[in-house]
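A.B. asks: The numbering of the sequence shown is numbering that gives the first Met the number 0, which starts it at 0 and goes up by one. We treat Cβ as the ideally placed atom computed from N, Cα and C, and that holds for glycine.
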Amino acid sequence: MALPQLTDEQRKAALEKAAAARHARAELREKIKKGEISLESVLNSDDPIASRMKVSTLIESLPGYGKAKAAKIMDELGISATRRVQGLGVRQREQLLEQLSR
0 MALPQLTDEQ RKAALEKAAA ARHARAELRE KIKKGEISLE SVLNSDDPIA
50 SRMKVSTLIE SLPGYGKAKA AKIMDELGIS ATRRVQGLGV RQREQLLEQL
100 SR
């Protein structure tokens, strides 16, 4: 499928929107890392930034967790590496909270 041709203004607006989303995600990750926002609140949030975040990125944002630990936890719980927070089922959310609260 061919990408639509955008005008210069449309392209600029799309780039600005993408940059704003990246900035908001970075702020959310920083708040999680500092402990200002809990994992449970992110999982139960209606915020589009939080719901579109990859689960692996969310886990890696937690203090003491890196790529290897995040991958191991996701593998143990049967969560796909490409899964986003909004795509988690109720049981997966519960299992993730239980696993990470140990």
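For a quick check, are the C-beta atoms of ARG24 and ILE48 less than 8 Å apart?
C.D. replies: yes
A.B. asks: Can you tell me whether ARG82 is helix, strand or coil according to DSSP?
C.D. replies: In the three-state reduction of the DSSP assignment, ARG82 falls in the coil class.
A.B. asks: So the alpha helix (DSSP H) SER55 belongs to, where does it begin and stop?
C.D. replies: 54-60
A.B. asks: Check whether the Cβ of LEU14 sits closer than 7 Å to any heavy atom of the ligand FAD, and report yes or no.
C.D. replies: Absent from the structure shown: the ligand FAD. Ligands present: none.
A.B. asks: Distance check for LYS16 and MET73, CA to CA, integer angstroms please.
C.D. replies: So the alpha carbons of these two residues sit roughly 30 Å apart.
A.B. asks: What three-state label does DSSP hand LEU95 in the structure shown?
C.D. replies: Three-state DSSP puts LEU95 in a helix.
A.B. asks: With three or more beta-carbon pairs closer than 8 Å as the criterion, would you say the segment 75-84 touches the segment 17-36?
C.D. replies: Judged by Cβ distances under 8 Å, the segment 75-84 makes no contact with the segment 17-36, as fewer than three pairs qualify.
A.B. asks: State the CB to CB distance for the pair ARG83 and VAL54, rounded to an integer number of angstroms; the pair is presumed to be in contact (CB under 8 Å).
C.D. replies: 7 Å
A.B. asks: DSSP state of PRO47, grouped into three classes?
C.D. replies: Note: PRO47 maps to helix in three-state DSSP.
A.B. asks: Using CA coordinates, which residue listed in VAL41, GLU39, GLN98 and GLN9 is at the minimum distance from LYS68?
C.D. replies: GLN98
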